[in-house]
Amino acid sequence: MPKFKRTKTGCRTCRLRRKKCGEQRPTCEGCRRNHLLCSWPGKPASRAKGQPKPDAPCTTVARPPRARIAPQVLPTASPLSFSNLVHQWSRIQPRDEPDKAKALLQHYICSTASCLTTGKGNIYLSLVIPFAEQHSDILHAVLAISASHLSYTDPAYVYPAKSHYAVALRAAKNHVTTVGHGQRGEAIRLLVLLVLLCHFESVDGDMGGAIRAHLAACRHLLELVYDSLHLADEEIVAFIAEQYLYFSTVSYNIGLDEKGICLTAMATEDPYQDSIYLLLKSSNVFGFLFGTYVDLFRLIPSVVHLGTCDQSDPAAARHDDLALREAFRSLEISVLAWSPDSLESGSAAVPSTEDYKGGLILQRALLILLRVALHGPGRLQGHFLVELDLD
Numbered sequence: 001m002p003k004f005k006r007t008k009t010g011c012r013t014c015r016l017r018r019k020k021c022g023e024q025r026p027t028c029e030g031c032r033r034n035h036l037l038c039s040w041p042g043k044p045a046s047r048a049k050g051q052p053k054p055d056a057p058c059t060t061v062a063r064p065p066r067a068r069i070a071p072q073v074l075p076t077a078s079p080l081s082f083s084n085l086v087h088q089w090s091r092i093q094p095r096d097e098p099d100k101a102k103a104l105l106q107h108y109i110c111s112t113a114s115c116l117t118t119g120k121g122n123i124y125l126s127l128v129i130p131f132a133e134q135h136s137d138i139l140h141a142v143l144a145i146s147a148s149h150l151s152y153t154d155p156a157y158v159y160p161a162k163s164h165y166a167v168a169l170r171a172a173k174n175h176v177t178t179v180g181h182g183q184r185g186e187a188i189r190l191l192v193l194l195v196l197l198c199h200f201e202s203v204d205g206d207m208g209g210a211i212r213a214h215l216a217a218c219r220h221l222l223e224l225v226y227d228s229l230h231l232a233d234e235e236i237v238a239f240i241a242e243q244y245l246y247f248s249t250v251s252y253n254i255g256l257d258e259k260g261i262c263l264t265a266m267a268t269e270d271p272y273q274d275s276i277y278l279l280l281k282s283s284n285v286f287g288f289l290f291g292t293y294v295d296l297f298r299l300i301p302s303v304v305h306l307g308t309c310d311q312s313d314p315a316a317a318r319h320d321d322l323a324l325r326e327a328f329r330s331l332e333i334s335v336l337a338w339s340p341d342s343l344e345s346g347s348a349a350v351p352s353t354e355d356y357k358g359g360l361i362l363q364r365a366l367l368i369l370l371r372v373a374l375h376g377p378g379r380l381q382g383h384f385l386v387e388l389d390l391d
């Protein structure tokens with residue numbers, strides 16, 4: 001069997017991976033397709049006669065030039081067909097992969113996307129599909145979400161879900177490097193990819209692990225480009241902002257710790273929450289995740305925070321503490337003030353029977369959580385059970 005001979009003319013990345021390099025500069029096709037940093041051996045400077053040989057060859061890495069953020073234009077939605085996506089896929093994948101991708105994409109369009117939102121229209125089709133047509137990393141994220149959804153009924157889809165997720169995650173890491181080198185115009189694309197990765201974690205059942213890393217990256221990027229977001233398409237900004245707020249609220253405020261109350265890493269610690277919320281107010285897609293109960297969702301971190309506050313007199317009953325009772329009463333008034341009709345007109349969430357029912361359930365759940373936060377851990381007392389009779 002002939003011994004493998006590595007090419008000496010390709011990029012360093014392909015040579016290390018033992019892959020054939022197309023030798024396109026500054027980024028070869030293989031590195032571009034796999035979202036890898038393309039590193040090339042640099043040409044050593046000419047030496048005068050007798051000059052000592054350098055210790056090691058210099059290396060150049062393909063890095064994007066520094067640039068200011070450019071206006072982002074929302075891709076024009078095309079008919080929901082598979083032709084563009086499958087054609088794009090067939091150029092970069094083995095022969096049998098387009099059929100698998102087509103099946104996953106069909107499931108996403110026909111089933112998964114409708115499970116991600118209850119708003120009018122579907123932004124996960126009208127916005128995400130055109131993005132996926134243009135960017136393979138977004139397509140990988142879409143296929144990962146679809147495969148994860150299918151894996152609930154067929155475990156055979158677990159591997160495709162993880163495989164597509166791994167490629168999308170690798171692309172996200174590459175984009176982080178790109179944005180870090182000054183190409184801020186890539187920040188919007190990276191934010192779209194990150195919120196889709198958050199959706200994958202949610203569908204896959206992980207609300208306390210990698211999703212927080214994605215949210216931390218979103219938080220940093222939003223702060224980095226916040227002053228330039230007015231240049232981006234309004235729907236893209238709203239798409240990113242609402243998902244960031246939603247997943248931050250849910251991920252950081254769900255679950256119990258050793259004290260019997262929710263995790264202490266609160267979304268309330270983020271001073272940009274209110275600023276990001278303002279990005280949604282004028283959008284006509286506002287409410288595609290929050291529905292008509294955005295005001296209730298915004299109260300969750302404050303209710304959870306009440307449960308972590310120390311009482312002024314540790315010897316007294318927690319629910320008798322004046323400061324805690326005052327905070328409790330203020331939050332209770334806010335929870336009871338909610339109504340589906342209070343949502344501004346023009347949002348994606350038009351009040352319906354389901355909205356009323358869902359809102360009432362969330363409202364009752366918050367009132368229960370509020371009382372748990374006031375009373376703290378321990379055995380339930382009779383007066384507490386009486387308070388839970390909210391009818």
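Per full-length UniProt numbering, the sequence shown starts with residue 1, numbered consecutively.
All C-beta atoms in this analysis are idealised placements derived from N, C-alpha and C, irrespective of residue type, glycine included.
Since this is a predicted model, take the numbers as computed values, not measurements.
- Message: Going by DSSP, what residue range makes up the alpha helix (DSSP H) through Pro301?
- Response: Mapped onto the sequence shown, residue 301 falls at position 301. From DSSP, the alpha helix (DSSP H) with Pro301 extends over 294-308.
- Which residue from Val225, Ala213, Asp355, Thr27 puts its Cα closest to that of residue 395? This structure gives no information on residue 395, because the portion of the chain shown stretches from 1 to 391.
- Measure the alpha-carbon distance for Glu234 versus Ser283 and round it to whole angstroms. Within the sequence shown, residue 234 is the residue found at index 234, counting from 1. Within the sequence shown, residue 283 is the residue found at index 283, counting from 1. So the two alpha carbons sit approximately 7 Å from each other.
- Query: In its own chain, which residues sit with a C-beta less than 6 Å from the C-beta of Asp320, not counting the 5 before and 5 after it?
  - Reply: Walking along the sequence shown from the start, residue 320 turns up at place 320. Cβ neighbours of Asp320 beyond the five flanking positions: none.
- Pro130 lies in the alpha helix (DSSP H); which residues open and close that run? Against the sequence shown, residue 130 aligns to sequence position 130. According to the DSSP assignment, Pro130 belongs to the alpha helix (DSSP H) that extends over 128-134.
- Does DSSP put Gln243 in a helix, in a strand, or in coil? Here residue 243 refers to the residue found at position 243 of the sequence shown. Helix at Gln243.
- Among Leu331, Gly121, Leu221, Ala132, the one whose alpha carbon lies nearest that of Ala101: Here residue 101 is taken as the residue at index 101 of the sequence shown, counted from 1. It is Ala132.
- Query: Is Ser312 helix, strand or coil when you go by DSSP?
  - Reply: The residue given as residue 312 occupies position 312 in the sequence shown. If DSSP states are grouped into helix, strand and coil, Ser312 belongs with coil.
- Query: Ends of the alpha helix (DSSP H) at Pro160?
  - Reply: Here residue 160 corresponds to residue number 160 of the sequence shown, with the count starting at 1. Element bounds for Pro160: 158-180.
- Query: The alpha helix (DSSP H) with Glu202 in it runs from where to where?
  - Reply: Translated into the one-based positions of the sequence shown, residue 202 becomes position 202. First, the residue type needs correcting, since residue 202 is Ser and not Glu in the sequence shown. Here the alpha helix (DSSP H) through Ser202 covers 187-204.
- Item | Own chain, CB closer than 7 Å to His199, minus 5 neighbours either side, in chain order | For the purposes of this step, residue 199 is taken as residue 199 along the sequence shown, with counting starting at 1. Around His199: Leu116, Ile145.
- Message: So the candidates are Cys14, Glu223, Ser228, Tyr277; which of them puts its Cα closest to the Cα of Gln243?
- Response: Sequence index remark: in the sequence shown, residue 243 carries index 243 (1-based). Comparing Cα-Cα distances from Gln243 to each of Cys14, Glu223, Ser228, Tyr277, the minimum goes to Tyr277.
- Task: Inspect the CB distances between the region 189-196 and the region 173-181 and report whether three or more fall short of 8 Å.
- Result: The region 189-196 is in contact with the region 173-181.
- Beta carbon of Leu306, beta carbon of Leu322: below 8 Å? By 1-based counting over the sequence shown, the position of residue 306 is 306. By 1-based counting over the sequence shown, the position of residue 322 is 322. No.
- Message: Counting C-beta neighbours from all protein chains within 10 Å, is the total for Ile361 16 or more, i.e. buried, or is it exposed?
- Response: On the sequence shown, residue 361 is found 361 positions in, with the first residue counted as 1. Per the 10 Å Cβ criterion, exposed.
- Local Cβ density within 10 Å of Ile92, reported as buried at 16 or more and exposed below that: Position 92 of the sequence shown, counted from the start, is the residue given in the question as residue 92. Note that Ile92 has pLDDT 46, beneath the 50 cutoff, so the model's placement of it is unreliable and the number below is only indicative. Label assigned to Ile92: exposed.
- Assuming Leu299 contacts Leu366 (C-beta within less than 8 Å), just tell me the rounded distance between them. Here residue 299 corresponds to residue number 299 of the sequence shown, with the count starting at 1. Here residue 366 corresponds to residue number 366 of the sequence shown, with the count starting at 1. Contact check for Leu299 and Leu366: beta-carbon distance about 6 Å, within the 8 Å limit, so the pair qualifies.
- Message: I need the DSSP call for Pro41, collapsed to helix, strand or coil.
- Response: Start at 1 with the first residue of the sequence shown, and residue 41 comes out as number 41. In the three-state reduction of the DSSP assignment, Pro41 falls in the strand class, which pools E and B.
- In the DSSP assignment, find the alpha helix (DSSP H) that holds Arg219 and state where it starts and stops. Within the sequence shown, numbered from 1, the residue matching residue 219 stands at position 219. First-last of the alpha helix (DSSP H) with Arg219: 210-225.
- Could you spell out the range, first to last residue, of the alpha helix (DSSP H) harbouring Val335? Position 335 of the sequence shown, counting from 1, holds the residue named residue 335. Per DSSP, Val335 belongs to the alpha helix (DSSP H) from 322-336.
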